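Numbering (UniProt numbering), first residue to last: 1 to 384.
Virtual Cβ for every residue (Gly too), placed ideally from N, Cα, C.
A quick note: this is a predicted structure, and the numbers were derived from the prediction, not measured.
One structure below.
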């Protein structure tokens with residue numbers, strides 16, 4: 001029997017309209033102005049909190065409706081953290097269904113236009129004690145669109161910027177990449193897109209079209225493949241997924257230009273070909289993908305590894321696909337919710353989020369959604 005906890009009283013349109021209050025410059029206004037801003041911030045959070053609808057069932061299943069373009073899923077114990085592209089984090093108590101809307105306070109305004117915004121977000125390995133996380137977001141500087149990677153700390157319902165780890169990453173209206181994760185080596189990895197300028201991907205003096213690797217304090221690891229460089233691999237168009245298998249091998253999902261989406265095995269210092277080659281094309285010293293979509297478009301995004309398989313969320317494909325690394329079988333796993341941005345697998349439980357409110361989908365009255373599936377039961381492309 002399901003136990004439902006509802007926070008859906010006000011319309012999600014109103015919640016989205018107030019989303020702008022969830023970020024601001026890191027400058028404290030004095031006196032009444034600061035008090036008014038704080039009051040408006042609190043009011044905006046209450047609107048969004050009441051808009052989110054969470055359902056918790058007796059079997060431990062957690063689902064949520066009325067989110068606003070969520071981008072990442074993180075879990076710590078029973079707590080689920082969903083970053084939203086306009087610049088907020090929704091924390092859900094997986095036991096009780098309680099919702100906490102958390103502000104994101106940064107020193108450069110989050111620029112939520114096109115495919116930019118508050119994108120990658122990952123909890124620190126020691127989050128339980130430090131309350132730290134890392135984020136990748138778009139901003140404007142001197143008329144240019146850029147991206148940066150920062151560390152954040154959670155205190156009093158607010159994620160406050162602690163340190164800028166890397167800024168000045170090229171940004172644009174499209175192809176910002178944006179996925180960040182901590183690898184099994186303890187390093188922080190980030191995907192960057194070519195921002196619509198394909199030549200960037202082959203330039204080792206540009207951070208665009210790359211997978212980056214850094215220490216969690218922002219330093220360049222001594223064993224990176226290129227001296228004094230964050231670049232771990234290059235020749236990427238728009239990578240948006242990262243996952244490691246049990247052997248600590250790194251995989252990435254990548255958007256092609258017109259079809260030719262890819263799943264790649266990432267090796268340090270290797271060139272993945274864009275824009276010289278794509279799909280099954282070959283060129284000297286350039287890596288081919290494990291699998292590619294041909295003329296079909298998946299638009300793969302977040303990935304997870306479990307039991308020998310990669311689970312890949314897709315936007316245009318509107319499905320979760322699996323790729324069995326041993327037998328190289330590619331299959332549809334789930335697809336009844338529209339555009340899917342991220343996927344997380346933990347203890348045979350799978351979580352995914354829709355991205356139907358990003359102006360490219362067809363949102364239902366429930367979108368955007370957090371969807372929870374059990375891997376012990378066969379998922380169906382028709383499962384509600």
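Alpha-carbon spacing of residue i relative to residue j, whole angstroms
i           : j           : result
residue 202 : residue 231 : 11 Å
residue 253 : residue 56  : 31 Å
residue 166 : residue 214 : 9 Å
residue 95  : residue 221 : 39 Å
residue 62  : residue 372 : 6 Å
residue 27  : residue 285 : Because the pLDDT at residue 27 is just 37, under 50, the model does not fix this residue reliably, and the value given afterwards should be weighed accordingly. Taking the straight line joining both Cα atoms gives about 49 Å.
residue 287 : residue 156 : 47 Å
residue 175 : residue 278 : 16 Å
residue 196 : residue 241 : 18 Å
residue 329 : residue 350 : 20 Å
residue 132 : residue 172 : 28 Å
residue 263 : residue 270 : 15 Å
residue 81  : residue 256 : 29 Å
residue 250 : residue 276 : 23 Å
residue 322 : residue 305 : 9 Å
residue 238 : residue 260 : 12 Å
residue 309 : residue 282 : 26 Å
residue 169 : residue 200 : 11 Å
residue 289 : residue 325 : 13 Å
Residue i vs residue j beta-carbon contact at 8 Å
i           : j           : result
residue 103 : residue 145 : no
residue 137 : residue 119 : yes
residue 319 : residue 295 : no
residue 341 : residue 301 : yes
residue 78  : residue 59  : no
residue 86  : residue 69  : yes
residue 343 : residue 303 : yes
residue 368 : residue 353 : yes
residue 160 : residue 151 : no
residue 362 : residue 338 : yes
Counted within 10 angstroms of its Cβ, other Cβ atoms place residue i as buried (16 or more) or exposed
i           : result
residue 226 : exposed
residue 21  : Residue placement at residue 21 is poorly supported in this model, since its pLDDT is 36, which falls under 50; the coordinates still yield a value, given next. Per the 10 Å Cβ criterion, buried.
residue 210 : buried
residue 181 : buried
residue 247 : exposed
residue 243 : buried
residue 336 : exposed
residue 376 : exposed
residue 331 : exposed
residue 53  : buried
Check whether the region 306-315 and the region 181-200 touch, using three or more Cβ-Cβ pairs below 8 Å as the test. no
Secondary structure, beta strand (DSSP E): runs of 3+ residues fully inside the region 117-175: You should have 118-123, 132-141, 144-155 and 158-170.
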